[in-house]
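Asker: Would you mind keeping the following structure in view while I ask a few things?
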Amino acid sequence: MSLLSDLINLNLSDATEKIIAEYIWIGGSGMDLRSKARTLPKLVTDPTKLPKWNYDGSSTDQAPGDDSEVILYPQAVFKDPFRRGNNILVMCDAYTPAGDPIPTNKRFNAAKIFSHPDVVAEEPWYGIEQEYTLLQKDVHWPVGWPIGGFPGPQGPYYCGVGADKSFGRDIVDSHYKACLYAGINISGINGEVMPGQWEFQVGPSVGISAGDQLWVARYILERITEIAGVVLSFDPKPIPGDWNGAGAHTNYSTKSMRNDGGIHVIKKAIEKLGLRHKGHIAAYGEGNERRLTGRHETADINTFSWGVANRGASIRVGRDTEKAGKGYFEDRRPASNMDPYVVTSMIAETTILWKP
Amino acid sequence: MSLLNDLINLNLSETTEKIIAEYIWIGGSGMDLRSKARTLPGPVTDPAKLPKWNYDGSSTDQAPGDDSEVILYPQAIFKDPFRRGNNILVMCDAYTPGGDPIPTNKRYNAAKIFSHPHVVSEEPWYGIEQEYTLLQKDSRWPLGWPLGGFPGPQGPYYCGVGADKSFGRDIVDAHYKACLYAGVNISGINGEVMPGQWEFQVGPAVGISAGDELWIARYILERITEIAGVVLSFDPKPIPGDWNGAGAHTNYSTKSMRADGGIHVIKKAIEKLGLRHKDHIAAYGEGNERRLTGRHETANINTFVWGVANRGASIRVGRDTEKAAKGYFEDRRPASNMDPYVVTSMIAETTILWKP
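First to last, the protein sequences are chains A and B.
So in full-length UniProt numbering, spot 96 of the first sequence is number 96, and the numbers just go up one at a time.
So in full-length UniProt numbering, spot 70 of the second sequence is number 70, and the numbers just go up one at a time.
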C-alpha cells in the first residue's frame with residue numbers, strides 16, 4: 001500500500017508553513033491516553049505559546065454531557081516521529097472551564113510540589129524503568145506465546161536474541177529511535193525475563209519533566225503497537241503463576257545525595273520512605289498486590305525493606321553508590337501502570353518536604 | 001508492485017509543461033462524487049481560466065440518454081496530492097447546455113445567497129466537522145469490528161490510541177496531509193466515540209468556499225479509502241443500537257457575531273433558526289431521524305433546543321463564546337451526508353436575510 005505511505009510521509013514543509021500539532025492527554029481511567037490533532041499556522045516549540053484547546057470530557061468519563069467541555073493546557077512539546085517535518089506532539093493536562101484541574105489531573109499537584117523552593121533547590125533527578133507486555137490482538141495472549149499454551153519457563157529470554165527467545169523487537173527498536181527523534185531522554189532498552197515483556201528507561205530527567213517524558217514515551221509506544229497490530233499492556237501481573245510481573249522502578253537522587261557524603265542523605269530518605277510505606281504503595285499502581293509477592297525479584301507488598309544490590313528489596317542501593325559514598329537509589333515498588341506524576345512528586349515530597 | 005508506483009509517482013515537470021486536471025462533480029444522488037481527467041497545455045491556478053467541459057449525464061442519473069451532455073463549470077482549484085507536481089483537482093458544478101443549473105446543482109443557489117450584499121458584508125465563516133465511518137470492503141462491517149460480532153462498548157475509542165482502540169489511522173493521517181498539500185483548510189482530526197468512526201474539520205472558510213473545500217476533502221478521502229481497500233460511509237447511523245451516529249456539525253459566525261456584543265446577535269440568530277427548525281431539518285441530510293434520537297450526544301429531531309457546552313442540544317454555544325460575549329455557535333443537527341452548499345447557505349439565509 002505504498003501510495004498510502006507516500007501520502008502519510010508527505011513532507012509538507014515545501015507546500016505550506018502550516019504544521020500539525022497532536023495534543024495528548026490522560027483520560028478518565030488515569031491510564032488511557034487520548035489525542036487529537038489540529039493545524040497551526042506555523043511551527044511553535046514553546047508550550048506557553050501554544051493555544052489552549054478543549055475536548056469532549058463526557059466521552060472520556062471526565063465531564064457530564066450537559067457541561068462537557070474540558071480544557072487542555074499545553075505543557076511540553078516534542079517532535080512528532082510519525083508525521084515528522086515540523087509537526088509536533090504536545091503533552092497537556094486537563095482543567096475545568098473555570099481554570100481548576102479536573103480530579104484526574106495528577107500533573108497539577110506534582111507541578112506544585114516540584115516548584116516548592118526546597119524541592120527546586122534539591123534538583124530531583126529521576127530515571128524510570130518502564131516495563132510492559134506485548135499481547136497478540138484479539139486473543140490478548142502474550143506475543144510469541146502459543147495460543148492455548150505456554151512457552152518454555154523463564155531463563156533464556158532476559159536480553160535474549162533469536163526467534164525463539166525474543167518477541168517483538170521491531171516494536172521496541174522503532175520505539176527507541178522514535179523517542180530519540182521526538183526529543184525524549186530515553187536512556188536504554190532491554191528484553192525482560194518474561195517472554196514478550198520489554199523495558200525502556202527514561203532519564204535522568206529533572207522534576208516534572210520525568211512525568212511528561214514518560215507519558216509521551218508511553219504514547220509513542222501505543223501508537224507504534226497500533227501500527228504493528230499488537231496490544232500494549234501495562235498490567236503489573238499480566239500472567240499469573242511463575243512469570244515475572246511488570247514494574248516501573250524509579251531511580252532517584254537529589255543534589256545532596258549526589259554530593260560527597262550523600263550516602264547519609266540517602267539513608268535518611270529511605271527511612272522516611274519506610275515510615276510512609278503504606279501511603280506510597282496505595283499510590284503506586286492498581287493491582288500491584290498481584291505483583292509484589294516477595295517472589296520474582298520483588299519485595300512483599302506489606303514489607304518495607306532496603307538493601308545494597310538486593311533485587312528482592314523494596315528499595316535497592318547500587319554497589320557503585322555504596323562504594324562512592326554518594327549517588328542515587330532505586331524504588332522498586334511502583335507498578336508498570338503507575339502514574340509518574342504521582343510517583344515522582346510523592347518521592348520528592350516524602351524525602352524533601354515531609355517531616356515525620 | 002514497485003514498478004507501478006514508479007510510474008504513478010513520475011514527476012512530469014522535467015519532461016513536459018503539460019499538466020493533468022481532474023474535474024470533480026457531484027452525481028445524481030447528491031452524494032456520489034464523480035471525476036475524470038484531462039490534459040492541459042500548462043499550469044493553471046485560476047478557475048476562471050480553465051475550460052468548461054462536459055460529461056455523460058445519462059450515466060449519473062442527471063440527463064436522458066438522447067440528450068445526455070451536462071456541462072461542467074470549474075469553480076475551485078486545488079493541488080492534486082495523488083499526482084502532485086503541477087497537477088490539479090478542479091471542483092465543478094453542472095449545467096444544461098442552455099446554461100441553466102441542473103436540478104441536483106446545489107452550489108448555484110448557494111452562490112446566489114452568498115453574493116447577496118447583506119450576506120457579503122456579514123462575512124459568514126464556517127467550520128464543518130465531518131464525521132464518517134470506515135467499513136471493511138465486501139462485508140460492509142465497520143473497520144476493526146469482528147465479523148459476525150461487536151467490539152466492546154463505546155468508551156475507550158474517542159481520541160483513543162492502540163491496536164484495540166483505533167482502527168484506520170493511516171487513512172486519517174494520509175488524508176490530513178493530502179488535504180493540507182492540496183490547499184484545503186483542514187483544521188484538525190480526531191478519532192470518534194464509535195470505533196471505526198473518525199472526524200475531520202474544515203474551516204474557517206468564508207461563504208461558498210466552505211462547500212467547495214468540504215466536497216474536495218470528501219473526494220480526497222474517498223480516493224484514499226479506495227487505495228486502502230476500505231469503504232467510506234457517510235450514513236448518519238451506520239449501526240443501529242448503542243453506537244453513536246455520524247454528523248456534520250456546522251460552526252458558524254458572522255462579522256456582527258465576532259464583534260463586541262456579538263452574543264446578542266448570536267441569540268437572535270438562534271431564535272430565527274428555531275422558528276425554521278422543520279425546514280432546516282428537511283434539508284440537513286437523508287436518514288437523520290435514525291441519528292437524532294436525543295441519545296448519543298444528539299437532540300431529538302422534533303425538538304429545537306440550544307445551550308452552552310451542551311452536547312445534547314440542537315445548537316451549542318461554546319463556553320469561550322459565552323465568556324467573551326462574542327464568537328460563534330455550533331449547529332449540531334446536520335447529518336454526515338448533508339450537502340454543505342445547502343446547509344451553509346441556508347444558515348446564512350435564515351440568520352441574515354430571512355424575516356420571521
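Where a beta carbon is used, it is the ideal one built from N, C-alpha and C, also for glycine.
As the structure is a prediction and not an experimental result, all values here were calculated from the model.
(1) Just checking: is the beta-carbon of B:Lys177 within a distance shorter than 8 Å of some beta-carbon in chain A?
(2) Between A:Gly28, A:Tyr158, A:Arg34, A:Tyr126, which has its C-alpha nearest B:Ser166's C-alpha?
(3) In chain order, which continuous runs of the beta strand (DSSP E) of length 3 or greater are located wholly inside the UniProt domain "GS beta-grasp" (19-99) of chain B?
(4) Looking only at DSSP bridge pairs, what is A:Gln62 linked to?
(5) For A:Ile208, does the three-state DSSP call read helix, strand or coil?
(6) Quick check on the burial criterion: 16 or more other C-beta atoms within 10 angstroms. Buried or exposed for A:Asp173?
(7) Could you tell me how far apart the beta carbons of B:Asp331 and B:His249 are, in whole angstroms, since I believe they sit closer than 8 Å?
(8) Does DSSP put A:Asn109 in a helix, a strand or coil?
(9) Does any C-beta atom of chain A lie closer than 8 Å to the C-beta of B:Glu22?
(10) With 16 other CB atoms within 10 Å as the buried threshold, where does B:Val70 fall?
(11) Using C-beta distances below 8 Å, list every residue in its chain close to B:Pro142, excluding the 5 sequence neighbours before and after it, in chain order.
(12) If you measure from the beta carbon of B:Ser314 to each beta carbon in chain A, is any gap under 8 Å?
(13) By how many angstroms is the C-alpha of B:Ile315 removed from the C-alpha of A:Glu69?
(14) Going by the DSSP bridge assignment, what does B:Glu330 pair with across the sheet?
(15) For a contact defined as C-beta to C-beta under 8 Å, what are the partners of B:Pro81 on chain A?
(16) Going by DSSP, what residues sit across from B:Trp198 in a beta bridge?
(17) In whole angstroms, give me the CA-to-CA distance for B:Ala107 and B:Ile208.
(18) Helix, strand or coil for A:Gly327, going by three-state DSSP, please let me know.
(19) Do you know offhand how far B:His296's Cα is from B:Ile281's?
(20) Taking all protein chains shown into account, decide if B:Ala251 is buried (16 or more other Cβ within 10 angstroms of its Cβ) or exposed.
(21) Any chance the CB of A:Cys92 is under 7 Å from a heavy atom of the ligand ADP?
(22) Going by other Cβ atoms of all chains shown within 10 Å of its Cβ, with 16 needed for buried, is B:Asn87 buried or exposed?
(23) Note down the Cα distance separating A:Pro153 from B:Ile128, rounded to an integer number of angstroms.
(24) Consult DSSP for A:Ser68 and reduce its assignment to one of helix, strand or coil.
(25) List the residues that DSSP assigns as beta-bridge partners of A:Ser35.
(26) Please confirm whether B:Glu213 has its beta-carbon closer than 8 Å to some beta-carbon of chain A.
(27) Identify the contact partners of B:Arg332 in chain A, using a Cβ-Cβ distance below 7 Å as the criterion.
(28) Can you tell me the Cα-Cα spacing of A:Gly245 and A:Gln201, whole angstroms?
(29) Per DSSP, what kind of secondary structure is A:Trp215 in: helix, strand or coil?
(30) Could you pull out every residue in the same chain whose Cβ sits closer than 6 Å to the Cβ of A:Ala309, ignoring the five residues on either side in sequence?
(31) Buried or exposed, going by whether 16 or more other CB atoms sit within 10 Å of the CB of A:Arg316?
(32) Using the C-alpha atoms, what's the distance from B:Leu72 back to B:Ile301?
(33) Please identify the residue among A:Ile8, A:Val90, A:Pro51 whose C-alpha is closest to the C-alpha of A:Lys79.
(34) Excluding the 5 residues preceding and the 5 following B:Asn105 in the sequence, name in chain order all residues of the same chain whose CB lies nearer than 6 Å to its CB.
(35) Would you mind working out which of B:Ser121, B:Cys179, B:Arg83, B:Tyr157 sits nearest B:Asn244, comparing C-alpha positions?
(36) Hey, which unbroken runs of the beta strand (DSSP E) at 3 residues or more fall wholly within the stretch 190-272 of chain A?
Answerer: Judging by the given coordinates:
(1) yes
(2) Nearest of A:Gly28, A:Tyr158, A:Arg34, A:Tyr126 to B:Ser166, Cα basis: A:Arg34.
(3) 19-26, 33-40, 53-56, 69-79, 88-95
(4) In DSSP, A:Gln62 forms no bridge with anything.
(5) coil
(6) exposed
(7) 7 Å
(8) helix
(9) No, B:Glu22 does not count as interfacial toward chain A.
(10) By the 10 Å Cβ count, B:Val70 comes out buried.
(11) Thr133, Leu134, Leu135, Gln136, Phe167, Met194, Pro195, Gly196, Gln197, Pro238, Ile239
(12) no
(13) 15 Å
(14) B:Asn251, B:Arg316
(15) Leu7, Leu10
(16) B:Tyr132, B:Gly191
(17) The displayed chain sequence assigns Arg, not Ala, to residue 107 of chain B. Using only the alpha carbons, I get a separation of about 8 Å.
(18) coil
(19) 18 Å
(20) As written in the sequence, residue 251 of chain B is Asn, which differs from the Ala given in the question. Buried: at least 16 other Cβ atoms inside 10 Å.
(21) Questions concerning the ligand ADP fall outside what the structure shown contains, since it holds no ligand whatsoever.
(22) buried
(23) 56 Å
(24) coil
(25) A:Ile24
(26) Cβ-Cβ to chain A under 8 Å: no for B:Glu213.
(27) The contacting residues do not exist; B:Arg332 stays about 12 Å from chain A at best.
(28) 17 Å
(29) helix
(30) Closer than 6 Å at the Cβ level, and outside the excluded window around A:Ala309, lie Arg319.
(31) buried
(32) Taking the straight line joining both Cα atoms gives about 36 Å.
(33) A:Val90
(34) For B:Asn105, where only same-chain residues beyond five positions count, the Cβ hits under 6 Å are Asp93, Ala94.
(35) B:Tyr157
(36) Residue ranges of uninterrupted beta strand (DSSP E) with 3 or more members, entirely inside the stretch 190-272 of chain A and ordered along the chain, are 197-206, 230-233, 248-253.
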